[in-house]
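Reviewing the structure listed below.
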Amino acid sequence: QGVEWNHDVVYTRDSSHHSSDFSLSVHRHSHSPRIAMSNDNYFIGIDIGTGSARASLVAQNGEIKASSTKDTITWRDQHDHRIFEQSTNNIWEQICIAVKEVLTQSNIPATAVRGIGFDATCSLAVSDFEGNPVTVTKGGDIGKNGDRNIILWADHRAEKEAELINSTGSIVLNYVGGTMSLEMEVPKVLWLKKHMDPALFSRCQFFDLPDFFTYKATGDNTRSFCSTTCKCSYVPDKGWQPDFFEQIGLGELVDGGNWKQIGASMAQAAGSPVGRGLSKTAAEELGLIEGTAVGSGLIDAYAGWMGTVAARYMENGQLSNVLPSLDESRHRLAAVAGTSTCHLVQSREGVFVKGVWGPYRDAAFPGWWMNEGGQSSTGQLIHFILTTHHSYPELEERAKQEGKAIHLVLLDVLEKLRHENNADTYTELTKDVHFYPDFHGNRSPIADPRMRGSIDSSIADLARKYYLTMEAIALQTRHIVDALNAAGHDVTSLYMSGGQAKNVVMMQLFADTCNMPVVLPKSHSEAVVLGAAMLGRIAAEGVTDGEDMWKIMVEMTPPGTLVAPAASPRVKKLLNAKYKIFRETIDIQKRWRQQIEEAMQ
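Reminder that position 195 of the sequence shown reads as 195 in UniProt numbering, one-by-one numbering, no gaps.
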């Protein structure tokens with residue numbers, strides 16, 4: 001295979017120079033051979049989502065040869081709707097099954113797999129220093145060894161802890177849009193400290209979930225820039241902030257500058273080789289070869305960014321013949337739309353946007369900065385709006401009879417309504433109804449977990465309500481784009497991935513509402529896992545330069561399809577009016593809430 005030894009340079013952070021600081025240094029992996037890649041090389045991407053784990057076997061040109069998805073367990077609390085817990089043991093078992101299945105399906109030998117990459121939700125995983133899971137469930141077993149060791153991203157138990165953190169005025173808050181979300185890891189760690197015996201708390205390691213699985217795969221607990229910077233309160237260019245952790249009551253994490261419970265002295269750029277590759281135990285459990293390169297991980301949304309933004313696109317059946325440059329990436333906003341939606345854009349210099357997370361340095365590319373906006377509930381909101389409607393059983397039955405997906409039946413109903421009402425577009429069917437969509441709090445750009453959804457006027461029919469929900473999500477997306485551009489970004493296009501990307505009507509609504517082209521991936525469901533596989537290739541080839549990483553992304557990303565804005569002047573005017581009302585709804589809700597709070601004092 002043409003192996004040559006290469007002293008790869010991997011950018012890491014090292015605390016050895018200053019006991020209180022965690023600064024950038026260079027770590028050389030002299031043990032990692034650089035492999036001259038051939039077309040017979042394959043890479044495995046592992047995507048750990050909210051309810052499932054997926055493995056895909058990917059060729060060097062980005063073609064997915066086989067995929068396998070396995071459901072994972074989520075525990076809820078019937079007495080506390082805020083609680084969502086999972087198990088790293090359960091997820092790892094499902095990953096192992098899925099990886100073996102893709103090898104069998106593809107008939108590709110394990111020896112041809114050169115690298116593996118992981119992405120996962122930004123959930124908090126807790127283990128002891130031997131890697132055994134530690135229970136996070138409130139009660140007598142918390143802090144003891146037990147399966148339920150993940151506080152899922154959607155878990156909102158740490159609201160009071162987030163409020164405390166947001167009252168500090170720390171420099172840390174400047175890098176999360178001014179407000180730390182209760183979905184991030186530090187509020188959750190603080191909640192655990194308050195509910196756990198101190199002796200048990202001291203034996204815990206805390207991981208953002210992608211980092212846990214690179215640890216599980218290699219035995220090396222070196223963290224990623226993505227997780228530490230984006231979710232664990234590491235400040236770009238300045239390091240961990242001891243004063244901040246002391247102030248909020250987590251001084252023990254400082255550990256004299258060792259920070260061993262949250263990552264010790266080093267972190268790595270995306271795709272940097274972790275440790276010596278797959279450990280003997282992990283390789284046996286996965287059905288792969290010991291020493292196979294493992295790339296430092298990404299949060300799932302960032303893997304979605306990696307798997308979409310380098311795409312060329314088809315327009316009117318013609319493939320764009322221009323290969324996008326790395327600089328072009330700063331104009332491309334990736335929207336990774338699943339249960340929730342994350343909006344990601346990178347820039348050469350850090351851009352501070354109120355209510356939007358970041359800027360995060362090195363989160364995906366060495367030396368580049370990333371901002372992350374988001375909507376806490378999009379796919380979940382559509383599901384909720386549909387399934388709680390009294391006509392939903394009838395809709396399910398009709399979809400079954402017609403052999404169609406539910407959203408296609410709803411679009412048929414909308415088309416019928418459009419004809420009956422002599423309307424030119426579906427947007428005209430909802431012109432008198434206004435919907436604010438934050439049933440699960442606002443992530444961006446208001447950063448207020450107390451925001452709540454509201455519908456004004458009566459809605460007789462489920463199809464109208466469905467379209468209205470999509471419209472509200474599109475209007476909120478425009479709000480995020482406007483906030484980014486007002487702060488200094490220059491977003492000119494949206495690159496979609498996730499389940500919502502297959503809904504052509506919704507994507508046209510996004511293009512019309514935001515007044516910019518939307519590029520849809522070749523496969524709505526594969527962008528994130530493709531990004532994870534790219535991490536495996538980056539690790540296998542020992543790539544450390546952003547330009548070379550971008551070339552891999554361009555080579556492995558299939559062309560997408562461009563959806564251009566197509567609203568008539570009349571509909572554009574209507575959407576602009578609805579956007580203005582949407583923004584007013586935010587101000588009204590805040591004002592009403594303040595009036596009630598003042599009355600109750």
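Yeah, the Cβ is synthetic: ideal placement off N, Cα and C, and Gly gets one too.
Rounded to the nearest angstrom, what separates residue i and residue j at their Cα positions?
i, j, result
"residue 71", "residue 281", "23 Å"
"residue 566", "residue 256", "59 Å"
"residue 376", "residue 153", "10 Å"
"residue 415", "residue 504", "14 Å"
"residue 101", "residue 123", "26 Å"
"residue 457", "residue 342", "Below a pLDDT of 50, predicted positions are generally treated as unreliable, and residue 457, at 33, falls in that range; the measurement from the model is reported next regardless. Cα-Cα distance, rounded: 30 Å."
"residue 55", "residue 213", "13 Å"
"residue 465", "residue 432", "12 Å"
"residue 286", "residue 489", "42 Å"
"residue 593", "residue 158", "21 Å"
"residue 598", "residue 586", "18 Å"
"residue 379", "residue 249", "36 Å"
"residue 357", "residue 397", "42 Å"
"residue 348", "residue 480", "20 Å"
"residue 81", "residue 155", "9 Å"
"residue 276", "residue 218", "7 Å"
"residue 178", "residue 41", "45 Å"
"residue 264", "residue 222", "8 Å"
"residue 402", "residue 59", "37 Å"
"residue 33", "residue 61", "Confidence is the limiting factor: at residue 33 the pLDDT is only 40, short of 50, which leaves the residue's position unreliable and the question unanswerable from this model."
"residue 600", "residue 589", "17 Å"
"residue 571", "residue 506", "15 Å"
"residue 165", "residue 334", "29 Å"
"residue 355", "residue 336", "18 Å"
"residue 74", "residue 420", "44 Å"
"residue 295", "residue 540", "8 Å"
"residue 534", "residue 556", "8 Å"
"residue 382", "residue 461", "15 Å"
"residue 318", "residue 133", "52 Å"
"residue 526", "residue 53", "13 Å"
"residue 374", "residue 340", "8 Å"
"residue 308", "residue 129", "36 Å"
"residue 232", "residue 301", "16 Å"
In the DSSP assignment, find the unbroken beta strand (DSSP E) run with residue i in it and report its ends.
i, result
"residue 341", "341–347"
"residue 333", "332–337"
"residue 86", "80–86"
"residue 294", "293–299"
"residue 55", "52–59"
"residue 125", "124–128"
"residue 313", "313–315"
"residue 113", "113–120"
"residue 357", "357–361"
"residue 75", "75–77"
List the endpoints of the continuous alpha helix (DSSP H) containing residue i.
i, result
"residue 45", "Counting along the chain, residue 45 falls outside any alpha helix (DSSP H), though it belongs to the beta strand (DSSP E) covering 42–48."
"residue 238", "Premise fails: residue 238 is in no alpha helix (DSSP H) and is neither H nor E."
"residue 243", "242–248"
"residue 466", "462–487"
"residue 286", "280–286"
Excluding the five sequence neighbours on either side, which residues of its own chain have a C-beta within less than 6 Å of the C-beta of residue i, listed in chain order?
i, result
"residue 463", "410, 413 and 414"
"residue 176", "357"
"residue 468", "430, 433 and 435"
Tell me residue i's beta-bridge partners as DSSP assigns them.
i, result
"residue 66", "57"
"residue 267", "223"
"residue 273", "295"
"residue 318", "315"
"residue 71", "52"
Looking only at its chain, what residues have a beta carbon closer than 7 Å to the beta carbon of residue i, apart from the 5 residues adjacent to it on each side?
i, result
"residue 475", "513, 578, 579 and 582"
"residue 187", "158, 161, 162, 165 and 180"
"residue 562", "313, 314, 315, 517 and 519"
"residue 104", "none"
Considering only residues of the same chain and omitting the five flanking positions on each side of residue i, which have a CB-CB separation below 8 Å?
i, result
"residue 591", "none"
"residue 216", "88, 92, 131 and 282"
Can we count residue i as close to the ligand NAP, meaning its CB is less than 8 Å from some heavy atom?
i, result
"residue 508", "Ligands are entirely absent from the displayed structure, and the ligand NAP is therefore not among its contents."
I'd like to know whether the C-beta of residue i is nearer than 9 Å to at least one C-beta of chain C.
i, result
"residue 258", "Here chain C cannot be found, since the structure has a single protein chain."
In chain order, what are the residue ranges of uninterrupted alpha helix (DSSP H) at least 4 long that sit wholly in the stretch 131–216?
159–166, 185–195 and 198–201
Report the start-end ranges of each beta strand (DSSP E) in the stretch 369–453 that is 3 residues or longer and not cut off at the edges.
369–375 and 434–436
May I have a chain-ordered list of the beta strand (DSSP E) segments no shorter than 3 residues that lie completely inside the stretch 491–571?
493–497, 518–520 and 560–563
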